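Notes to accompany the following structure.
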Amino acid sequence: MTSSTPAIEADGLGRDYDRVRALGALSLTVPRGGFVGLLGPNGAGKTTAMLLLATLLAPTRGTARIFGLDVRARRSAVRRRLGLVFQETSVDGLLSIEENLRFAARLSGLGGSAVREAVARAMSEAGLEPRARQLVRQLSGGWRRLVDIARATLHRPELLILDEPTVGLDPEHRERIWSILGRQRREYGTTVLFSTHYLVEAEPADRVVLLARGEVVADGAPAELRAAVGDEIAEVEGPGAGRLLDALRQRGAVVSVRRTERGFRVGIAAGRANPMELAAGARDIERLSIRPGTLEDVYFTQTVPESP
Amino acid sequence: MSALSAIHGIVVRDLTRASRQTGRLLGGLARPFMWLLLVGTGYNSIARLEGGAPYQAFVLPGIIVMAALFGGMLTAIATVYDREFGMLRLMLASPAGVPAVLGGRALAAALVAMLQGGIVLACAPFITPLPASAVGPAIGALALGSITSATLGLLVAARLRSVENFAGVINVVLFPLLFVSGALYPTAGMPAALRALARVNPVTYAVDLMRHALEQPVEFSAGRDVTVLLGATAIAFTLTALLFDPEQRFVGKATTRA
């Protein structure tokens, strides 16, 4: 294993549950220090992909290597390099924060003074010191999640796999969690693979993999994916929305189209046409706005089937 | 090293949890003391056993084993709670592997069993004279019975998916193990079919070994008791490791919300 060995190499990785195909064939290479988001609707295969990479499920097909180590043959060695955050918090309500972290440190193979040092550092990084002796069952969901993040990072894993780490949290706790993860990346070069339904959280990622119905439907840097649905997004509503769409099409400006409840969301190529000029004076256009494209536009374009 | 660290962590965590569930610990002790003091006192007036010994003295070894059996098995079966509330997946995701996780759970449950059985043993002099020479062997018998109880509990937990089945397990597994063991009445007086069941019940040998330790009349040699208990522990642990499906906790989640 050399320093150029990727953190994650998956080739055609898939898993079936009886006759249900949870993940078709995921091929993914993540360099060391990478920051990669897995997006997709519920049931898309994100959790299955993460559990396969974390050696907690056996693949039905394909291969995966973590830092060059096969996930089937070298499970223990792979796990030593991993920090995992599951969708639901994995902390014991009957133990204090410090006791939970000590337990997790020993589970990860640390012993003696290494346990004390790792727990002290993790509590400091997550800002948990003032509450160290508080029972976890007395904490709010946000604080519990912070304990969970501290638990996953305390042995300084080379790869963090986080399944919706911020789900259900208020903006303050979400920001704290991303701040802790950012510090792990900057100071320790940790590779981070995460899933989220808050698409704005995936904007800073180096790369986004979009899954739908167990298959990869889009894969690239956020800017590339956004460009694929248009340089700008025009939201047009009203009885005349269809005519405006036709006019944009005639000028070759339409990159993508999604029907909305009262009109269309149109991805347009910059410089081909100005929707505002085309709509000027049209009484049957009730609303027209132009904005930059987002990952949410990519998400809807790629994962939600167009109604007939 | 990682296996030992994990076992250490699991034992400390389980004992810390047990120490904070005092209601459960006291409840676990109420059952043997009710048998010993209420049922035992009542039976004293109607039952005299070999040599004219009072029923309470006869039943004492069985009640010590009963305390350990319930303490050990119920603590081990609590693995089902950990499965349901997410702590088991954390343990299974550790580098230590399934045998270390099961070993840690078994050791912690055995220590809880020893504590509960030990408290009953410590009260033994109030029931019947206990020679000083009996204390060491009794602790040894208790330790072996506790480890067997804990591994039997893990075996039950291996395939138990929901905490809703917990009460059923007590009725279907724990009580039959106790009733068909010679703990509460001599197996010699049982019908042949029940006596045959008693012969394959590891708890029978734990009770018999405790009778050896407390210098009471016995059915088997101490060597046979120890051999059967060690064998039952090894078989139960191996079966648990084979039956325990590490994917179980994850497949359920992944199927429903992949």
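Respectively, the protein sequence lines represent chains A and B.
FYI, in my numbering the residues of the first sequence are 1 to 308.
FYI, in my numbering the residues of the second sequence are 1001 to 1258.
Even glycine gets a Cβ: it sits at the ideal position worked out from N, Cα and C.
As the structure is a prediction and not an experimental result, all values here were calculated from the model.
Would residue i and residue j qualify as a contact pair, given that the criterion is a beta-carbon distance under 9 angstroms?
i                  : j                  : result
Pro1054 of chain B : Ala1183 of chain B : no
Ala1158 of chain B : Ala1113 of chain B : no
Ala1124 of chain B : Leu1209 of chain B : no
Val298 of chain A  : Val266 of chain A  : no
Val192 of chain A  : Val36 of chain A   : yes
Val1169 of chain B : Leu1160 of chain B : yes
Ser90 of chain A   : Arg19 of chain A   : no
Val1163 of chain B : Val1080 of chain B : yes
Thr63 of chain A   : Asp70 of chain A   : yes
Gly1086 of chain B : Phe103 of chain A  : no
Ile177 of chain A  : Leu146 of chain A  : yes
Leu199 of chain A  : Thr294 of chain A  : yes
Ala73 of chain A   : Gly214 of chain A  : no
Gly83 of chain A   : Thr196 of chain A  : no
Leu1130 of chain B : Leu1037 of chain B : no
Ala1206 of chain B : Leu1144 of chain B : yes
Ser1221 of chain B : Val1203 of chain B : no
Ile149 of chain A  : Glu232 of chain A  : no
Leu39 of chain A   : Ala10 of chain A   : no
Ala1234 of chain B : Thr1128 of chain B : no
Ala54 of chain A   : Ala1093 of chain B : yes
Ala1241 of chain B : Pro1099 of chain B : yes
Arg1013 of chain B : Leu95 of chain A   : yes
Leu1197 of chain B : Ile1147 of chain B : no
Leu1115 of chain B : Gly1071 of chain B : yes
Ala1109 of chain B : Ala1076 of chain B : yes
Against residue i, what residues of chain B qualify as contacts under a CB-to-CB distance less than 9 angstroms, listed in chain order?
i                 : result
Gly168 of chain A : Near Gly168 of chain A there are no residues of chain B at all, since even the closest Cβ is about 14 angstroms away, more than 9 angstroms.
Gly141 of chain A : Going along chain B, no residue has its Cβ under 9 angstroms from Gly141 of chain A, so there is no contact; the nearest lies around 14 angstroms.
Glu286 of chain A : Here the premise fails: no neighbours, minimum Cβ distance about 39 angstroms.
Residues of chain A with CB under 8 angstroms from residue i, in chain order?
i                  : result
Ala1241 of chain B : Those within 8 angstroms of Ala1241 of chain B in chain A number zero; the least Cβ separation is about 15 angstroms.
Thr1075 of chain B : Near Thr1075 of chain B there are no residues of chain A at all, since even the closest Cβ is about 14 angstroms away, more than 8 angstroms.
Arg1013 of chain B : Asp92, Leu95, Glu99 and Phe103
Taking Cβ-Cβ distances shorter than 9 angstroms, what residues in chain A pair up with residue i?
i                  : result
Arg1006 of chain B : Checking the sequence shown, residue 1006 of chain B turns out to be Ala, not Arg. Those are Arg106, Leu107, Ser108 and Gly109, listed as they occur along chain A.
Arg1017 of chain B : Asp92, Leu94 and Leu95
Ala1213 of chain B : Those do not exist, as Ala1213 of chain B stays about 35 angstroms from chain A at its closest Cβ, beyond 9 angstroms.
Gly1189 of chain B : Per Cβ cutoff of 9 angstroms: no residues; Gly1189 of chain B is ~45 angstroms from chain A at best.
I want to see whether chain E comes within less than 9 angstroms of residue i, judged by CB atoms only; does it?
i                  : result
Met1087 of chain B : Given the protein chain composition of this structure (A and B), no chain E is represented.
DSSP beta-bridge partners for residue i?
i                  : result
Ile1119 of chain B : BP columns for Ile1119 of chain B are empty, so no partner.
Asp70 of chain A   : A:Arg65
Tyr17 of chain A   : A:Val20
Val323 of chain A  : Given a span of 1 to 308 for chain A in the structure shown, any question on residue 323 of chain A remains unanswerable.
Arg287 of chain A  : A:Glu237
Ala10 of chain A   : A:Leu28 and A:Ala64
Val136 of chain A  : The partner list for Val136 of chain A (beta bridge, DSSP) is empty, contrary to what the question assumes.
Val36 of chain A   : A:Leu193 and A:Arg207
Ser256 of chain A  : A:Gly267
Ser96 of chain A   : A:Leu135
Pro41 of chain A   : Pro41 of chain A pairs with nothing; no bridge assigned.
Pro314 of chain A  : Chain A is shown from 1 up to 308; residue 314 of chain A falls before or after that span and cannot be answered.
List the residues of chain A whose Cβ lies closer than 7 angstroms to the Cβ of residue i, in chain order.
i                  : result
Ser1002 of chain B : Gly109
Gly1071 of chain B : The premise fails here: Gly1071 of chain B is roughly 18 angstroms from chain A at the closest Cβ pair, so nothing lies under 7 angstroms.
Using the beta-carbon of each residue, which ones in chain B are nearer than 7 angstroms to residue i?
i                 : result
Ala54 of chain A  : Ala1093
Leu84 of chain A  : Ala1093
Glu117 of chain A : Residues of chain B passing the Cβ test: none, with the nearest at roughly 14 angstroms.
Glu99 of chain A  : Thr1016
Can you name the residues of chain B whose CB is closer than 8 angstroms to the CB of residue i?
i                 : result
Leu13 of chain A  : Here the premise fails: no neighbours, minimum Cβ distance about 13 angstroms.
Glu88 of chain A  : Gly1086
Glu172 of chain A : Per Cβ cutoff of 8 angstroms: no residues; Glu172 of chain A is ~24 angstroms from chain B at best.
His35 of chain A  : Correcting the residue identity first, residue 35 of chain A is Phe in this sequence and not His. Going along chain B, no residue has its Cβ under 8 angstroms from Phe35 of chain A, so there is no contact; the nearest lies around 22 angstroms.
| In chain order, what residues of the region 1152-1169 of chain B put their CB closer than 9 angstroms to some CB of chain A? | none
| task | Enumerate, from N- to C-terminal direction, the unbroken alpha helix (DSSP H) stretches of 4 or more residues contained entirely within the region 1015-1081 of chain B. | result | 1022-1033, 1040-1044 and 1055-1077
| request: Please list the residues of the region 1019-1033 of chain B that have a C-beta atom closer than 7 angstroms to any C-beta atom in chain A, keeping them in chain order. | output: Arg1020
| field | Sequence ranges, alpha helix (DSSP H) only - wholly within the region 182-241 of chain A, length at least 4 | value | 222-228
| Within 7 angstroms of chain B by C-beta, residues of the region 65-82 of chain A in sequence order | Ser76, Arg79 and Arg80
| query | What residues from the region 1097-1127 of chain B come within 8 angstroms of chain A, judged by C-beta to C-beta, listed N to C? | reply | Gly1097
| task | Select from the region 178-204 of chain A all residues with a C-beta closer than 9 angstroms to any C-beta belonging to chain B, and list them in chain order. | result | none
| request: Counting only runs of 4+ residues fully inside the region 1088-1149 of chain B, write out the alpha helix (DSSP H) ranges in chain order. | output: 1098-1122
| field | Contact list for the region 1128-1149 of chain B against chain A, Cβ threshold 9 angstroms | value | none
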